[in-house]
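A.B. asks:
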Amino acid sequence: MSLSSFEQKILAFLKENEDRSFSVNDISTRLNYGGNKNYKKLVKALAFLERVGEIQLTPNGKFRAFSRDDSITGTFRSNGKGYGFINYDEEQPDLFVPGPYVGEAMDGDTVEAVVIKRIDPSTGKGSEARVEKVTERASSQLVGEFFAYDQKLRAETGFLGYIIPKGDFADELKINILPEGIHPADHTICIVKIKDYPTSQRPNFMTGLVAKEIGHKDEPGIDILSILFQFGIPHEFPENVKEAAEKVPQVIDEKALEGRRDLRNEVIMTIDGADAKDLDDAISLKKNPDGTYQLGVHIADVSHYVTEGSPIDAEAYERGTSVYLTDRVVPMLPQRLSNGICSLHPNEDRLTLTCEMSINQKGDVIKHSIYTSVINSSYRMTYSDVNEILDGDLDLRTKYQAIVPVLEEMAELHHILEEMRQQRGALNFDAPEAKIIVDEDGLPLDIELRERFVGERLIESFMLIANETVAREFTAKGYPFIYRIHEQPKVEKMERFAEFVTSFGIVLRGEASAISPKQLQEALANVADQPIEQVVSTMMLRSMQQAKYSEEPLGHYGLAAEDYTHFTSPIRRYPDLLVHRLIHQYIKERPTAKDFDRLEAFIPDAAIHSSKMERRAVDAERETDALKKAEYMVDKVGEEFDGMISSITSFGIFIQLPNTVEGLVRLASLTDDYYNFNQQHLLLIGERTGKVYRIGQKVKIQVTNVDVAERQIDFQILEADPVEGLDIDALDRQRKQAKNARNKDSRKRKPQQNRKDLKKVANDKGKQSHGNKRKKSNQSKKKFTIRKRSN
Numbered sequence: 001m002s003l004s005s006f007e008q009k010i011l012a013f014l015k016e017n018e019d020r021s022f023s024v025n026d027i028s029t030r031l032n033y034g035g036n037k038n039y040k041k042l043v044k045a046l047a048f049l050e051r052v053g054e055i056q057l058t059p060n061g062k063f064r065a066f067s068r069d070d071s072i073t074g075t076f077r078s079n080g081k082g083y084g085f086i087n088y089d090e091e092q093p094d095l096f097v098p099g100p101y102v103g104e105a106m107d108g109d110t111v112e113a114v115v116i117k118r119i120d121p122s123t124g125k126g127s128e129a130r131v132e133k134v135t136e137r138a139s140s141q142l143v144g145e146f147f148a149y150d151q152k153l154r155a156e157t158g159f160l161g162y163i164i165p166k167g168d169f170a171d172e173l174k175i176n177i178l179p180e181g182i183h184p185a186d187h188t189i190c191i192v193k194i195k196d197y198p199t200s201q202r203p204n205f206m207t208g209l210v211a212k213e214i215g216h217k218d219e220p221g222i223d224i225l226s227i228l229f230q231f232g233i234p235h236e237f238p239e240n241v242k243e244a245a246e247k248v249p250q251v252i253d254e255k256a257l258e259g260r261r262d263l264r265n266e267v268i269m270t271i272d273g274a275d276a277k278d279l280d281d282a283i284s285l286k287k288n289p290d291g292t293y294q295l296g297v298h299i300a301d302v303s304h305y306v307t308e309g310s311p312i313d314a315e316a317y318e319r320g321t322s323v324y325l326t327d328r329v330v331p332m333l334p335q336r337l338s339n340g341i342c343s344l345h346p347n348e349d350r351l352t353l354t355c356e357m358s359i360n361q362k363g364d365v366i367k368h369s370i371y372t373s374v375i376n377s378s379y380r381m382t383y384s385d386v387n388e389i390l391d392g393d394l395d396l397r398t399k400y401q402a403i404v405p406v407l408e409e410m411a412e413l414h415h416i417l418e419e420m421r422q423q424r425g426a427l428n429f430d431a432p433e434a435k436i437i438v439d440e441d442g443l444p445l446d447i448e449l450r451e452r453f454v455g456e457r458l459i460e461s462f463m464l465i466a467n468e469t470v471a472r473e474f475t476a477k478g479y480p481f482i483y484r485i486h487e488q489p490k491v492e493k494m495e496r497f498a499e500f501v502t503s504f505g506i507v508l509r510g511e512a513s514a515i516s517p518k519q520l521q522e523a524l525a526n527v528a529d530q531p532i533e534q535v536v537s538t539m540m541l542r543s544m545q546q547a548k549y550s551e552e553p554l555g556h557y558g559l560a561a562e563d564y565t566h567f568t569s570p571i572r573r574y575p576d577l578l579v580h581r582l583i584h585q586y587i588k589e590r591p592t593a594k595d596f597d598r599l600e601a602f603i604p605d606a607a608i609h610s611s612k613m614e615r616r617a618v619d620a621e622r623e624t625d626a627l628k629k630a631e632y633m634v635d636k637v638g639e640e641f642d643g644m645i646s647s648i649t650s651f652g653i654f655i656q657l658p659n660t661v662e663g664l665v666r667l668a669s670l671t672d673d674y675y676n677f678n679q680q681h682l683l684l685i686g687e688r689t690g691k692v693y694r695i696g697q698k699v700k701i702q703v704t705n706v707d708v709a710e711r712q713i714d715f716q717i718l719e720a721d722p723v724e725g726l727d728i729d730a731l732d733r734q735r736k737q738a739k740n741a742r743n744k745d746s747r748k749r750k751p752q753q754n755r756k757d758l759k760k761v762a763n764d765k766g767k768q769s770h771g772n773k774r775k776k777s778n779q780s781k782k783k784f785t786i787r788k789r790s791n
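Following full-length UniProt numbering, the numbering of the sequence shown begins with 1 at its first residue and continues without gaps.
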């Protein structure tokens with residue numbers, strides 16, 4: 001954007017006085033620009049500079065330049081529509097970047113930006129920013145489909161053709177391909193090394209050369225392979241890692257048993273999905289005469305084989321996690337380890353770390369022990385078999401009669417632990433999860449819902465209690481450790497949720513920054529077994545912060561747990577492997593000051609990196625699911641389905657089918673009326689007819705279009721259940737009353753909270769240790785299926 005000399009003069013003056021604001025008259029006097037004609041020109045220039053984001057208009061009607069206080073540095077996240085957002089502070093909402101202010105930024109870039117509009121609470125509109133410059137590029141290469149030019153265009157442009165990159169980029173963005181690299185065939189998926197990035201003058205123009213051909217877009221498996229490249233997920237192990245894995249013996253050395261507790265004669269079993277190959281957890285249980293339970297959670301001791309600083313360790317750290325993509329797994333560890341010596345196969349000696357717990361009838365761990373061990377799993381059970389045994393299947397109960405009593409006691413303990421979590425306020429969203437069934441070429445045959453019964457849930461309960469117990473042990477000792485944390489929801493998101501649920505008759509009292517998990521649990525209970533249950537649950541889930549890894553024991557809000565870590569999946573998650581390594585060190589002796597310094601320097605970086613790699617894996621898995629769902633719906637254009645409104649935005653209605661496929665009804669396609677968007681209650685209201693669309697409403701739709709490349713499915717609403725008894729004015733009154741009630745409760749609670757804070761400060765004095773301190777967050781065809789487990 002170019003400014004006139006007069007506009008540049010105004011801008012220079014304001015920048016020289018960035019700590020002050022000026023009225024039009026002030027500027028006119030300072031610049032000696034009097035007279036009616038000049039005054040109008042000045043007003044027009046100021047309006048233009050403000051409109052393009054060069055200067056600010058203050059609330060009192062004066063103008064000022066952006067000061068250093070308005071500058072931020074953050075990560076730019078692009079949107080395919082051309083605009084984006086900047087994440088710059090965990091405690092602050094993202095800044096919206098309108099399309100004209102994106103500048104040279106691309107998705108993931110680190111940018112310097114200036115805030116051009118502060119949030120306006122009266123309208124709810126977000127703050128806006130303008131990208132000033134890119135300080136670090138997120139990508140030096142991109143993945144996309146090549147479109148070849150003919151001979152004439154090659155001669156005219158000097159380019160072989162262009163590539164449309166995969167990911168969140170403006171629709172107009174193209175990478176023009178230079179002839180210096182590989183010359184790919186038309187419609188080949190390629191990796192492009194970027195030479196020239198977009199500029200403010202040419203925002204959608206890039207150049208690059210093809211560094212690698214992934215394959216033709218129609219080849220089987222290329223679609224998912226391109227997603228791996230798109231997200232930078234390595235799918236092959238380097239040669240030095242393969243060589244190191246080959247040297248790992250597949251039989252346990254007798255020396256490795258020294259100092260370990262021998263549990264090979266105990267009845268220990270694994271319970272996993274039928275297709276699982278990396279069995280990293282096993283369990284044992286005995287019920288004591290006093291009614292307590294002796295639960296053993298035995299986890300593969302991966303750290304014995306993956307030593308710190310080794311090639312396998314370095315690769316595992318970089319990957320951070322295994323990635324599950326419909327019909328394949330990209331493992332964190334080479335299969336020789338993950339499916340071999342580290343996997344707890346039945347009738348094989350395996351090295352493990354054990355968390356043994358005595359649990360009473362209330363679900364409290366009254367005693368525990370964490371130690372190194374060796375096991376020999378007696379049974380390799382599947383979820384389906386366990387569920388059928390517990391349901392009374394006579395054949396299976398006869399086949400496994402030796403362990404039927406143990407399985408029944410495991411179910412008993414699971415229900416006790418489940419009730420314990422329920423009592424303390426743990427949230428159970430239990431959102432439907434899709435299982436996409438594909439043929440040997442990766443084409444989707446069906447989409448089913450994954451069902452979780454007692455077999456799946458009891459394993460989850462046992463892993464959760466082991467994770468809590470391990471975390472509590474090392475929090476109490478104050479040693480450097482890595483935790484899995486889930487912080488208090490952010491205030492603005494919880495306020496939006498509280499306003500939203502008033503339309504369902506749910507009132508959340510108290511300060512938004514201090515709403516407890518128990519309150520949210522009670523809100524879910526109020527809508528249990530109602531048609532709106534899934535909607536309220538989904539909206540509540542969207543209000544939560546993302547769980548992540550941290551060196552600080554900040555607790556887990558969703559589980560209502562004071563201490564939590566990841567201990568149970570070291571084959572597929574690096575933080576679990578790190579936890580095992582720390583346990584090995586700490587059960588031998590107290591760490592030295594040198595150990596503290598080393599670990600306190602390493603663990604925070606490991607936590608940040610692991611969280612990023614987890615997010616990358618989730619994004620790739622979500623992209624793959626969207627791809628396969630779009631492919632599944634391609635031949636269903638014109639067909640009709642029942643669905644439910646899952647979300648409403650200012651540009652349309654998202655509708656989810658029972659199999660979790662989601663499609664968009666664009667606002668422009670609702671031609672029977674002009675619909676206004678009610679942001680507080682997420683409603684669309686017809687201006688003339690008063691017709692309402694709301695979340696949770698059942699509808700019948702027709703599939704109108706499917707764009708596999710864009711992962712976009714479009715619906716048209718044919719019928720919608722009527723929304724009855726919805727008084728918008730009453731809802732607004734109820735919303736305001738609920739907000740006033742929260743504010744009133746907040747004022748009542750503040751003095752008491754202040755006393756608690758003062759007491760905490762007094763108690764904390766003199767308690768500084770060299771290790772971690774306890775901290776509370778103040779926001780506190782052939783078919784393939786892949787199993788996933790997440791805690």
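No residue lacks a Cβ here, since even glycine has one placed at the ideal position from N, Cα and C.
(1) On the three-state DSSP scale, how would you describe E451?
(2) Give a yes or no on whether the C-beta atoms belonging to V661 and V706 are separated by under 7 Å.
(3) Run through DSSP, which three-state label would D707 get?
(4) One question on the structure: do S647 and F641 come within less than 7 Å of each other, judged by their Cβ atoms?
(5) Judging by CA-CA distance, which residue of Q250, D619, E412, R573 is the nearest neighbour of Y305?
(6) Could you tell me whether the segment 526-545 touches the segment 576-588, using the rule of 3 or more Cβ pairs below 8 Å?
(7) From which residue to which residue does the alpha helix (DSSP H) around residue 837 run?
(8) To the nearest angstrom, how far is the alpha carbon of L508 from that of D563?
(9) Please classify T307: is it buried, with 16 or more other beta-carbons within 10 angstroms of its beta-carbon, or exposed?
(10) Return the first residue and the last residue of the beta strand (DSSP E) that L49 is part of.
(11) Looking at the unbroken beta strand (DSSP E) that takes in G117, where does it start and where does it end?
(12) So within the segment 273-332, which uninterrupted beta strand (DSSP E) runs reach at least 3 residues, ignoring any that extend past its ends?
(13) Of the choices V329, L670, T398, whose alpha-carbon is the least far from that of L228?
(14) Could you tell me the boundaries of the alpha helix (DSSP H) in which N387 lies?
(15) Going along the chain, which residues of its own chain have a beta-carbon closer than 7 Å to the beta-carbon of R424, five neighbours each way excluded?
(16) Applying the criterion that 16 or more other CB atoms from any shown protein chain within 10 Å of the CB defines a buried residue, is Q534 buried or exposed?
(17) Is A426 buried or exposed, if buried means 16 or more other CB atoms sit within 10 Å of its CB?
(18) Starting from K636, follow the alpha helix (DSSP H) in both directions and report where the run begins and ends.
(19) Return the CA-CA distance between Q679 and Q697, expressed in angstroms with no decimal places.
(20) Spatial neighbours of K287 within its chain, please: C-beta separation below 7 Å, excluding the five flanking residues on both sides.
(21) Tell me, which residues are paired with N87 by DSSP?
(22) According to DSSP, is E533 helix, strand or coil?
(23) State whether the segment 612-627 contacts the segment 337-350, with contact taken as three or more CB pairs (one from each stretch) at a distance under 8 Å.
(24) Using only CA atoms, which one of V491, V102, E631, E156 lies nearest to G510?
(25) So Y400 packs on I389, CB below 8 Å; how close in whole Å?
(26) How many Å lie between L95 and F85 at the Cα?
(27) Near residue 792, which residues of its chain fall below 8 Å by C-beta distance, leaving aside the five closest residues on each side in sequence?
(28) Tell me the DSSP secondary structure of D714 in three-state form.
(29) Mind checking V43: buried by the 16 CB within 10 Å criterion, or exposed?
(30) So what's L578 in DSSP terms, helix, strand or just coil?
(31) Need the endpoints of the alpha helix (DSSP H) that K9 sits in, please.
(32) Quick check on N387: buried or exposed, where buried means 16 or more other Cβ atoms within 10 Å of its Cβ?
(33) Taking only three categories from DSSP, how would you classify V470?
(34) Per the DSSP calculation, Q141 is bridged to which residue(s)?
(35) Taking only three categories from DSSP, how would you classify S373?
(36) Would you mind giving the Cβ-Cβ distance between R252 and G208, rounded to the nearest angstrom? I have them listed as a contact below 8 Å.
C.D. replies: In this structure, then:
(1) By one-based count along the sequence shown, residue 451 stands at place 451. DSSP places E451 in coil when its eight states are reduced to three.
(2) Within the sequence shown, residue 661 is the residue found at index 661, counting from 1. Within the sequence shown, residue 706 is the residue found at index 706, counting from 1. Taking 7 Å as the Cβ cut-off, V661 and V706 do not qualify as a contacting pair.
(3) To locate residue 707, count along the sequence shown from 1; it is residue 707. Here D707 sits in strand by DSSP.
(4) Position 647 of the sequence shown, counted from the start, is the residue given in the question as residue 647. Position 641 of the sequence shown, counted from the start, is the residue given in the question as residue 641. No, the pair does not count as a contact, with Cβ atoms beyond the cut-off.
(5) Working through the sequence shown from its first residue, we reach residue 305 at position 305. For Y305, the nearest C-alpha among the options comes from Q250.
(6) no
(7) Nothing can be reported for residue 837, as the shown portion of the chain is limited to 1 through 791.
(8) Locating residue 508 in the sequence shown gives position 508, counting from the first residue. Locating residue 563 in the sequence shown gives position 563, counting from the first residue. Distance between the alpha carbons of L508 and D563 is about 26 Å.
(9) To locate residue 307, count along the sequence shown from 1; it is residue 307. T307 is exposed by the Cβ-count criterion.
(10) Here residue 49 corresponds to residue number 49 of the sequence shown, with the count starting at 1. First-last for L49: 36-51, but that is the alpha helix (DSSP H), not the beta strand (DSSP E).
(11) One-based indexing of the sequence shown puts residue 117 at position 117. Reading the sequence as shown, one finds Lys at residue 117 and not Gly. Per DSSP, K117 belongs to the beta strand (DSSP E) from 110-117.
(12) 281-287, 293-300, 323-325, 328-330
(13) Translated into the one-based positions of the sequence shown, residue 228 becomes position 228. For the residues V329, L670, T398, the minimum Cα distance to L228 belongs to V329.
(14) By 1-based counting over the sequence shown, the position of residue 387 is 387. 383-390 is the extent of the alpha helix (DSSP H) around N387.
(15) For the purposes of this step, residue 424 is identified with residue 424 of the sequence shown, where counting begins at 1. The residues are A560.
(16) Working through the sequence shown from its first residue, we reach residue 534 at position 534. With 16 or more other Cβ atoms within 10 Å, it is buried.
(17) The residue you call residue 426 lines up with position 426 of the sequence shown. It counts as buried.
(18) Locating residue 636 in the sequence shown gives position 636, where the first residue counts as 1. Note, K636: premise wrong, no alpha helix (DSSP H); not H, not E.
(19) Looking up residue 679 in the sequence shown gives position 679. Looking up residue 697 in the sequence shown gives position 697. In a straight line, the C-alpha of Q679 is about 17 Å away from that of Q697.
(20) The residue labelled residue 287 in the question sits at position 287 within the sequence shown. Once the five neighbours on either side are set aside, the close Cβ partners of K287 are Y293, E409.
(21) Counting from one through the sequence shown, the residue named residue 87 turns up at place 87. In the DSSP output, where bridge partners are listed per residue, N87 has T75.
(22) Position 533 of the sequence shown, counted from the start, is the residue given in the question as residue 533. The answer is helix: DSSP assigns E533 an H, G or I state.
(23) no
(24) Taking the sequence shown and counting its residues from 1, one reaches residue 510 at position 510. Comparing Cα-Cα distances from G510 to each of V491, V102, E631, E156, the minimum goes to V491.
(25) The count along the sequence shown starts at 1 and reaches residue 400 at position 400. The count along the sequence shown starts at 1 and reaches residue 389 at position 389. Y400 to I389, Cβ: 6 Å. Contact.
(26) Your numbering for residue 95 matches position 95 in the sequence shown. Your numbering for residue 85 matches position 85 in the sequence shown. Those two C-alpha atoms are separated by around 5 Å.
(27) This structure leaves residue 792 out entirely; the chain is present only between 1 and 791.
(28) Here residue 714 corresponds to residue number 714 of the sequence shown, with the count starting at 1. Strand.
(29) Numbered from 1 along the sequence shown, position 43 holds the residue referred to as residue 43. Its Cβ having fewer than 16 others within 10 Å, V43 is exposed.
(30) As a first step, residue 578 must be located in the sequence shown, where it is residue number 578. Helix at L578.
(31) Here residue 9 refers to the residue found at position 9 of the sequence shown. 5-16 is the span of the alpha helix (DSSP H), which, as asked, contains K9.
(32) Here residue 387 is taken as the residue at index 387 of the sequence shown, counted from 1. Answer is buried; the Cβ neighbour count reaches 16.
(33) In the sequence shown, counting from the first residue as 1, residue 470 sits at position 470. V470 falls in the helix class under three-state DSSP.
(34) Here residue 141 is taken as the residue at index 141 of the sequence shown, counted from 1. K193.
(35) One-based indexing of the sequence shown puts residue 373 at position 373. Residue state, collapsed to three classes: strand.
(36) Counting from one through the sequence shown, the residue named residue 252 turns up at place 252. Counting from one through the sequence shown, the residue named residue 208 turns up at place 208. Position check: residue 252 holds Ile in this sequence, whereas Arg was assumed. With a Cβ gap of about 50 Å, I252 and G208 do not count as contacting.
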